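Novice: Residue 324 in my numbering sits at position 324 of the sequence shown; the count goes up by one each step and never skips. Glycine is no exception: its CB is placed at the ideal position from the N, C-alpha and C atoms. Since we're looking at a predicted model, the values are computed, not measured.
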Amino acid sequence: MYAPNGEPESTVTVLLTGADSQLSKALLRVLAKAAYRFDGRAFRVHALSHTELDIGDKQSVAAAFAQVKPDWVINCAAYNAVDRAETAVDEAYRVNSLGPELLASECALTGARLVHISSDYVFSGEPAEASELALNQNSLTDSSLINSGLTESGLTESGLTESGLTEHGLTESATPAPLSVYGKSKLAGEQAVLRILAERAVVIRTAWLYGVDGHNFVKTMLRLMATMPDGQPLSVINDQIGSPTWADALAHLIWQLIASPLDVGCGSRLFHYAGQGQCSWYEFALEIQRQAMALKLLDKAVPISAIDSLSYAEKALEKGNKLATRPSYSALNSDKVRQCLTRENSALTHCPELWRDWRWQLKAMLEDYAAKGL
Numbered sequence: 001m002y003a004p005n006g007e008p009e010s011t012v013t014v015l016l017t018g019a020d021s022q023l024s025k026a027l028l029r030v031l032a033k034a035a036y037r038f039d040g041r042a043f044r045v046h047a048l049s050h051t052e053l054d055i056g057d058k059q060s061v062a063a064a065f066a067q068v069k070p071d072w073v074i075n076c077a078a079y080n081a082v083d084r085a086e087t088a089v090d091e092a093y094r095v096n097s098l099g100p101e102l103l104a105s106e107c108a109l110t111g112a113r114l115v116h117i118s119s120d121y122v123f124s125g126e127p128a129e130a131s132e133l134a135l136n137q138n139s140l141t142d143s144s145l146i147n148s149g150l151t152e153s154g155l156t157e158s159g160l161t162e163s164g165l166t167e168h169g170l171t172e173s174a175t176p177a178p179l180s181v182y183g184k185s186k187l188a189g190e191q192a193v194l195r196i197l198a199e200r201a202v203v204i205r206t207a208w209l210y211g212v213d214g215h216n217f218v219k220t221m222l223r224l225m226a227t228m229p230d231g232q233p234l235s236v237i238n239d240q241i242g243s244p245t246w247a248d249a250l251a252h253l254i255w256q257l258i259a260s261p262l263d264v265g266c267g268s269r270l271f272h273y274a275g276q277g278q279c280s281w282y283e284f285a286l287e288i289q290r291q292a293m294a295l296k297l298l299d300k301a302v303p304i305s306a307i308d309s310l311s312y313a314e315k316a317l318e319k320g321n322k323l324a325t326r327p328s329y330s331a332l333n334s335d336k337v338r339q340c341l342t343r344e345n346s347a348l349t350h351c352p353e354l355w356r357d358w359r360w361q362l363k364a365m366l367e368d369y370a371a372k373g374l
């Protein structure tokens with residue numbers, strides 16, 4: 001159990017699932033740095049791993065609730081093996097769909113509230129004009145930031161297309177159309193949570209999550225860049241556009257949402273949150289190498305070559321690996337959650353990094369990574 005010293009009677013009890021995940025570890029790290037208090041509210045956290053709480057098992061869920069008696073549940077448990085989910089369909093749905101449904105049902109019985117984490121992979125990347133423009137703007141020679149998802153003529157007067165796409169990414173009104181088993185199971189999970197709990201739940205879709213813990217793109221790139229044979233290029237996909245998100249920033253947001261009164265003026269409790277701006281995996285890799293070199297995390301640069309998704313999938317298949325289809329465009333717009341939190345005049349005051357450009361967030365993560373000697 002994680003709790004503040006001199007614990008007051010008003011402490012909020014939190015059940016944290018998926019304790020071994022990179023987001024769970026970020027949540028605990030961020031909360032510890034804040035002395036287990038956010039906006040005057042103290043938190044006591046019971047973090048349970050998969051072996052301690054199987055969210056896809058009704059009895060396991062009921063037992064955890066009886067033991068912890070949570071005021072809030074933060075669900076970080078998920079089946080995140082996107083490619084493996086294509087064949088492990090039942091397990092993906094058991095964890096990503098049934099699990100959130102069971103948690104929501106138990107919350108409904110006990111009066112607890114739920115924060116559930118979903119994914120940008122609930123989207124397909126359509127309409128075609130969005131992905132086409134992203135491809136046209138995707139430079140193959142530098143790591144410049146892609147600032148728009150549609151041409152100006154493709155936007156309404158409000159800056160929002162019928163598909164829910166703005167020049168700063170997909171909004172919560174965008175129509176989900178998942179392409180993979182993983183994406184479909186995540187969509188089913190978030191729909192179950194909102195159906196059962198409505199405004200007593202908070203569903204957060206995030207994208208391209210990375211941090212100092214767990215397995216993620218940034219750490220994979222650092223490992224490959226450090227071990228690539230001299231002169232051998234590192235091939236990275238250049239036609240999938242998204243929003244890299246630092247796990248610690250998302251963790252700050254989650255604690256801020258729990259600590260803030262959101263009962264007025266925020267509408268649906270479905271929110272998007274990601275690092276500001278958008279890029280391709282290729283551009284992300286270039287920026288990782290540039291910053292890692294500056295921080296002396298890498299001794300030398302390696303050549304990084306751009307490859308399209310189809311060619312990458314074909315090469316993987318030659319090695320016996322069948323890849324799930326990913327969205328070509330899934331950059332997320334965080335305006336709604338920002339407006340809700342800044343209405344309370346708290347999130348910008350205590351955590352300005354929430355709204356920083358993705359490259360700033362990457363720098364913060366790499367500095368932390370270097371400081372830990374990882």
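What is the DSSP secondary structure of residue 56, counted as helix, strand or coil?
Specialist: coil
Novice: Where does the unbroken beta strand (DSSP E) through residue 44 begin, and where does it stop?
Specialist: Residue range 41 to 48 is occupied by the beta strand (DSSP E) that includes residue 44.
Novice: Closest by CA to residue 313, which one among 288, 237, 371?
Specialist: 237
Novice: If you draw a straight line from the C-alpha of residue 190 to the C-alpha of residue 109, how long is it?
Specialist: As the crow flies, the alpha-carbon of residue 190 is around 18 angstroms from that of residue 109.
Novice: Near residue 379, what residues of its chain come up, given a Cβ to Cβ distance below 6 angstroms and the 5 sequence neighbours on each side ignored?
Specialist: Nothing can be reported for residue 379, as the shown portion of the chain is limited to 1 through 374.
Novice: With the cut-off set at 7 angstroms, would you say residue 181 and residue 85 are in Cβ contact?
Specialist: The answer is yes: Cβ separation under 7 angstroms.
Novice: Are there 16 or more other CB atoms within 10 angstroms of the CB of residue 46, so buried, or fewer, so exposed?
Specialist: By the Cβ-count criterion, residue 46 is buried, with 16 or more other Cβ atoms from all chains shown falling within 10 Å of its own Cβ.
Novice: Please report the residue range of the beta strand (DSSP E) in which residue 72 lies.
Specialist: Where residue 72 is concerned, the enclosing beta strand (DSSP E) stretches over 72 to 75.
Novice: Is there contact between the segment 288 to 301 and the segment 269 to 280, where contact requires at least three CB pairs shorter than 8 angstroms?
Specialist: Short answer: they don't touch.
Novice: State the DSSP-derived secondary structure class of residue 289, mapped to helix, strand or coil.
Specialist: helix
Novice: If contact is defined by three or more beta carbon pairs under 8 angstroms, each pair taking one atom from either stretch, is the segment 102 to 117 in contact with the segment 52 to 72?
Specialist: These segments touch.
Novice: Just to confirm before moving on: does the CB-CB distance between residue 379 and residue 246 stay below 7 angstroms?
Specialist: This structure gives no information on residue 379, because the portion of the chain shown stretches from 1 to 374.
Novice: For residue 339, does the count of other Cβ atoms within 10 angstroms reach 16, so buried, or fall short, so exposed?
Specialist: The residue is exposed, with fewer than 16 neighbouring Cβ atoms inside 10 Å.
Novice: DSSP state of residue 329, grouped into three classes?
Specialist: strand
Novice: Within the present structure, is the beta-carbon of residue 181 separated from the nearest heavy atom of the ligand GDP by less than 6 angstroms?
Specialist: Looking for the ligand GDP in the displayed structure turns up nothing, as the structure carries no ligands at all.
Novice: Count the other C-beta atoms from every protein chain shown that fall within 10 angstroms of the C-beta of residue 198, then say buried if there are 16 or more, exposed otherwise.
Specialist: exposed
Novice: Report the partner residues of residue 201 according to the DSSP bridge assignment.
Specialist: 114
Novice: So what does residue 15 bridge to, in DSSP terms?
Specialist: Bridge pairing for residue 15: 46, 73 [DSSP].
Novice: Any idea if residue 96 is buried or exposed, counting beta-carbon neighbours within 10 angstroms, 16 or more meaning buried?
Specialist: buried
Novice: Quick one: is residue 286 buried, meaning 16 or more other Cβ sit within 10 Å of its Cβ, or exposed?
Specialist: buried
Novice: Please look up how many angstroms separate the CB atoms of residue 275 and residue 358, rounded, as I've assumed it's under 8 angstroms.
Specialist: With a Cβ gap of about 3 angstroms, residue 275 and residue 358 count as contacting.
Novice: From residue 91 to residue 244, what does the alpha carbon distance come to, in whole angstroms?
Specialist: 27 angstroms
Novice: With a threshold of 7 angstroms on Cβ separation, who are the neighbours of residue 301 within its own chain once the five nearest residues in sequence on each side are excluded?
Specialist: 289, 293
Novice: Kindly indicate which residue of 291, 328, 239, 270 has the alpha-carbon position closest to the one of residue 375.
Specialist: Since the first residue shown for the chain is 1 and the last is 374, residue 375 is missing from the structure and cannot be characterised.
Novice: What residues are listed by DSSP as bridge partners for residue 242?
Specialist: 279
Novice: Can you give me the C-alpha to C-alpha distance between residue 258 and residue 24, rounded to a whole angstrom?
Specialist: 15 angstroms
Novice: Rounded to whole angstroms, what's the CA-CA distance from residue 83 to residue 324? Just pull it up for me.
Specialist: Between residue 83 and residue 324, the C-alpha separation is close to 5 angstroms.
Novice: How is the beta strand (DSSP E) around residue 272 delimited, first residue to last?
Specialist: 270 to 272
Novice: Would you mind reading off the limits of the beta strand (DSSP E) that contains residue 236?
Specialist: 234 to 237
Novice: Since residue 187 and residue 124 should fall inside the 8 angstroms C-beta cutoff, what is the C-beta to C-beta distance between them, to a whole number of angstroms?
Specialist: Between residue 124 and residue 187 the Cβ distance is about 11 angstroms, and since that is not below 8 angstroms, they are no contact.
Novice: Does DSSP put residue 79 in a helix, in a strand, or in coil?
Specialist: Here DSSP, grouped into helix, strand and coil, assigns residue 79 to coil.
Novice: I need the DSSP call for residue 223, collapsed to helix, strand or coil.
Specialist: Residue state, collapsed to three classes: helix.
Novice: What residues match up with residue 305 in a beta bridge as DSSP calls it?
Specialist: 235
Novice: Tell me whether residue 195 is buried or exposed, calling it buried when 16 or more other Cβ atoms sit within 10 Å of its Cβ.
Specialist: Counting the other Cβ atoms within 10 Å of the Cβ of residue 195 gives fewer than 16, which makes it exposed.
Novice: Just checking, does the segment 18 to 34 make contact with the segment 203 to 221 on the three C-beta pairs under 8 angstroms criterion?
Specialist: yes
Novice: Determine the DSSP secondary structure at residue 299, reduced to helix, strand or coil.
Specialist: coil
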